[in-house]
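Colleague:
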Amino acid sequence: MTEFDYVVIGGGAAGCVIAAGLAQDGRFSVVLIESGARDKSPWIHIPATFFKSMASRDVAAVVSEPEPSLDGNRFAVPQGRVLGGGSSVNGMIYMRGQKRDYDDWAEVHGCTGWAYQDVLPVFKSQEANTRLGDPFHGQSGPLMVADPIYKHPLGAAMIQSAIATGLPANEDFNGAQQEGAGWYQITAHKGRRKSAAVAFLRPALHLETLTVLTGHQAQRLKFKGRRAAGVEVIGPEGPKTILARKEIILTAGSFQSPKLLMHSGIGPAHHLTALGIEVIHDAPEVGANYQDHVGAPVTMRLKHPIGVHGADKGLKALRHGAEYALFRRGLLASNLLESGACADTTGEGRPDVQYNFTPFAPGPPGTPPLDVHAVSVNPMTMRPKSRGRLALKDANPASDLHFTANPLDRIEDLDTLRRGIRLARDIFRQNPLAELVTDEIWPGPDVSSIAGSNTLDPAIR
Ligand SMILES: Cc1cc2nc3c(=O)[nH]c(=O)nc-3n(C[C@H](O)[C@H](O)[C@H](O)COP(=O)(O)OP(=O)(O)OC[C@H]3O[C@@H](n4cnc5c(N)ncnc54)[C@H](O)[C@@H]3O)c2cc1C
Numbered sequence: 051m052t053e054f055d056y057v058v059i060g061g062g063a064a065g066c067v068i069a070a071g072l073a074q075d076g077r078f079s080v081v082l083i084e085s086g087a088r089d090k091s092p093w094i095h096i097p098a099t100f101f102k103s104m105a106s107r108d109v110a111a112v113v114s115e116p117e118p119s120l121d122g123n124r125f126a127v128p129q130g131r132v133l134g135g136g137s138s139v140n141g142m143i144y145m146r147g148q149k150r151d152y153d154d155w156a157e158v159h160g161c162t163g164w165a166y167q168d169v170l171p172v173f174k175s176q177e178a179n180t181r182l183g184d185p186f187h188g189q190s191g192p193l194m195v196a197d198p199i200y201k202h203p204l205g206a207a208m209i210q211s212a213i214a215t216g217l218p219a220n221e222d223f224n225g226a227q228q229e230g231a232g233w234y235q236i237t238a239h240k241g242r243r244k245s246a247a248v249a250f251l252r253p254a255l256h257l258e259t260l261t262v263l264t265g266h267q268a269q270r271l272k273f274k275g276r277r278a279a280g281v282e283v284i285g286p287e288g289p290k291t292i293l294a295r296k297e298i299i300l301t302a303g304s305f306q307s308p309k310l311l312m313h314s315g316i317g318p319a320h321h322l323t324a325l326g327i328e329v330i331h332d333a334p335e336v337g338a339n340y341q342d343h344v345g346a347p348v349t350m351r352l353k354h355p356i357g358v359h360g361a362d363k364g365l366k367a368l369r370h371g372a373e374y375a376l377f378r379r380g381l382l383a384s385n386l387l388e389s390g391a392c393a394d395t396t397g398e399g400r401p402d403v404q405y406n407f408t409p410f411a412p413g414p415p416g417t418p419p420l421d422v423h424a425v426s427v428n429p430m431t432m433r434p435k436s437r438g439r440l441a442l443k444d445a446n447p448a449s450d451l452h453f454t455a456n457p458l459d460r461i462e463d464l465d466t467l468r469r470g471i472r473l474a475r476d477i478f479r480q481n482p483l484a485e486l487v488t489d490e491i492w493p494g495p496d497v498s499s500i501a502g503s504n505t506l507d508p509a510i511r
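51 is the number of the first residue of the sequence shown in the numbering used here; add one for each residue after it.
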């Protein structure tokens with residue numbers, strides 16, 4: 051049996067920040083328990099190769115049951131399973147929520163301390179922004195935030211065409227206004243990803259107060275009465291119990307945190323009882339309220355071979371590899387999601403659709419990009435109304451979750467995507483983009499996005 055002051059479960063974005071901060075305090079012993087491996091894979095650290103991580107052991111997708119709102123298709127959600135969690139495999143776009151999002155948490159949902167004026171100083175203290183400073187940005191925190199050092203010319207064309215539809219130009223999506231089109235800032239610097247493991251945890255790794263256990267899967271919490279006192283873990287040497295003198299901090303992500311709570315007896319009592327799990331605390335909200343941004347791209351074929359298609363093959367790959375190896379720049383230094391837009395498609399005064407602009411054609415979910423030179427404008431819902439649910443299949447912590455995403459359950463979300471696709475098509479009708487593209491690959495020329503059309507919804511689903 052091992053004992054620490056603080057036990058942090060899950061070494062992802064949140065866990066790395068919290069474990070490092072507690073260890074750096076100097077007064078406490080801290081253990082960080084991570085089920086994935088150390089972040090050694092080169093695909094993690096080279097920004098453009100994050101797509102390769104998707105097919106590696108560092109990512110595990112959580113796949114839903116067949117979804118009625120997707121015409122029976124399943125909804126797959128990739129999750130980082132490696133030190134750094136999502137921050138080691140994600141798209142690196144540095145985009146905070148809107149001021150109203152945080153204010154709603156505080157005012158509508160009663161989360162005292164989470165209003166915008168509360169979280170802004172934390173964002174600033176974490177950030178080392180290479181271009182922007184007060185009043186919205188910090189420049190001396192541990193997390194490098196920078197403009198992309200590689201900017202694909204098609205990104206510039208998409209930004210110009212988006213502005214031609216009437217969207218404002220935006221040079222800071224985390225500043226005074228989120229609406230507009232422009233280059234994103236990213237959590238990568240000088241051609242290297244700045245994950246939470248790199249930015250926050252690495253500087254604390256030498257401290258005697260910090261122990262990091264990778265390859266260790268937390269199974270369930272152990273209680274003394276109603277107090278969580280320890281955690282059962284399975285590691286390379288087998289099962290063991292790790293005790294917490296002060297606190298256990300659960301940061302295993304939006305799927306695995308509720309799963310671990312339910313296996314520990316904290317969750318909807320009727321559900322746990324039916325599976326033979328002793329109920330420690332009846333908490334119907336555990337596993338409820340799953341929400342996710344959903345998207346449906348508009349993709350057009352390019353007249354000339356000027357997209358990034360084929361950049362990872364043959365002589366082109368050699369050239370990009372050499373440029374990156376010698377100078378840490380070029381296409382491999384790009385997060386490939388370099389630019390985008392936020393649009394207020396309802397006129398309610400705040401953006402409801404985010405667009406990622408890509409110089410390639412994304413394939414169907416979970417598949418590689420399409421084998422053509424193409425560009426894509428990808429609308430995604432920013433405030434989805436649909437809600438899904440996570441439940442246990444049985445009492446075995448090794449079993450997968452029973453996941454119902456319900457992604458387009460609410461008509462409002464379908465409506466948002468319809469408006470998003472309409473504006474995406476409008477962007478393609480503007481120059482300079484209009485002169486660069488030929489036919490529409492997706493949703494396709496036969497699919498009408500005119501209000502009332504009955505061909506668009508099946509395409510979205
Ligand atoms: C493909 C992808 C692209 C994304 N793109 C962006 C983007 O461009 N910009 C952006 O801001 N956000 C992006 N995100 C979202 C962002 O990465 C997440 O919001 C963030 O990582 C969540 O942090 P977290 O600490 O809550 O969970 P995670 O980062 O998921 O960390 C949870 C950690 O817990 C570990 N764990 C789980 N269960 C256990 C267990 N039982 N025992 C021990 N360890 C466990 C996991 O292995 C993981 O390391 C993206 C996410 C993905 C997956």
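Heads up, the beta-carbon is just placed ideally off N, CA and C, and yes, glycines get one too. Being a predicted model, the structure only gives us computed values, none of them experimental.
Which residue wins for smallest C-alpha separation from glycine 188, given the options Pro434, Glu177, Ala196 and Val195?
Modeller: Glu177
Colleague: Among residues of its own chain, excluding the 5 on either side of arginine 468, which ones have a beta-carbon nearer than 7 Å to its beta-carbon?
Modeller: Ser499 and Leu506
Colleague: Please return the same chain residues whose Cβ sits closer than 8 Å to the Cβ of proline 457, not counting the five positions on each side in sequence.
Modeller: Glu117, Ser119, Leu120, Phe125, Asp342, Val344, Pro434, Ser436, Gly438 and Asp463
Colleague: Assign proline 203 to one of three DSSP states: helix, strand, or coil.
Modeller: helix
Colleague: Go through its chain and collect everything with a Cβ distance to glutamine 210's Cβ below 7 Å, but skip five positions before and after it.
Modeller: Pro482
Colleague: Determine the contact status of phenylalanine 305 and leucine 451, defining contact as a CB-CB distance below 8 Å.
Modeller: yes
Colleague: Expressed to the nearest angstrom, what Euclidean distance is found between the alpha-carbon atoms of alanine 278 and alanine 246?
Modeller: 27 Å
Colleague: Alpha carbon to alpha carbon, how far is isoleucine 471 from phenylalanine 478? Give it in angstroms, no decimals.
Modeller: In a straight line, the C-alpha of phenylalanine 478 is about 11 Å away from that of isoleucine 471.
Colleague: With a threshold of 7 Å (Cβ to nearest heavy atom), would isoleucine 59 be considered close to ligand 1?
Modeller: yes
Colleague: Once you ignore the five residues that flank alanine 346 on each side, which residues in its own chain have a CB closer than 7 Å to its CB?
Modeller: Pro429, Leu467, Ile471 and Ile510
Colleague: Kindly confirm or deny that the segment 136-154 and the segment 232-247 touch, where touching means at least three C-beta pairs closer than 8 Å.
Modeller: Yes, they touch.
Colleague: Could you pull the start and end residues of the alpha helix (DSSP H) that glycine 65 belongs to?
Modeller: Run containing glycine 65: 63-75, per the alpha helix (DSSP H) assignment.
Colleague: Please name the residue, chosen from Arg351, Thr52, Leu217 and Ser79, that lies closest to aspartate 489 on a Cα-to-Cα basis.
Modeller: The shortest C-alpha separation from aspartate 489 is found at Arg351.
Colleague: If you pair each beta-carbon of the segment 260-269 with each one of the segment 282-302, do three or more pairs fall below 8 Å?
Modeller: A contact exists between the segment 260-269 and the segment 282-302.
Colleague: Consider the C-beta atom of threonine 312 and the heavy atoms of ligand 1; say whether any pair is separated by less than 7 Å.
Modeller: The sequence as given places methionine at residue 312; threonine does not occur at that position. Because no heavy atom of ligand 1 lies under 7 Å away, the Cβ of methionine 312 does not count as near it: no.
Colleague: Would you kindly check if the distance between the Cβ of alanine 70 and the Cβ of alanine 254 is under 8 Å?
Modeller: yes
Colleague: What number of angstroms, rounded off, separates the C-alpha of valine 262 from the C-alpha of alanine 302?
Modeller: 15 Å
Colleague: Name, in chain order, the residues that DSSP records as bridge partners for arginine 270.
Modeller: Glu282
Colleague: Can you grab the Cα-Cα spacing for the pair arginine 449 / leucine 311, in whole Å?
Modeller: For clarity, residue 449 is serine in the given sequence; the question names arginine instead. Roughly 14 Å between the two C-alpha positions.
Colleague: With burial defined as no fewer than 16 other Cβ atoms inside 10 Å of the residue's Cβ, what is the status of aspartate 496: buried or exposed?
Modeller: exposed
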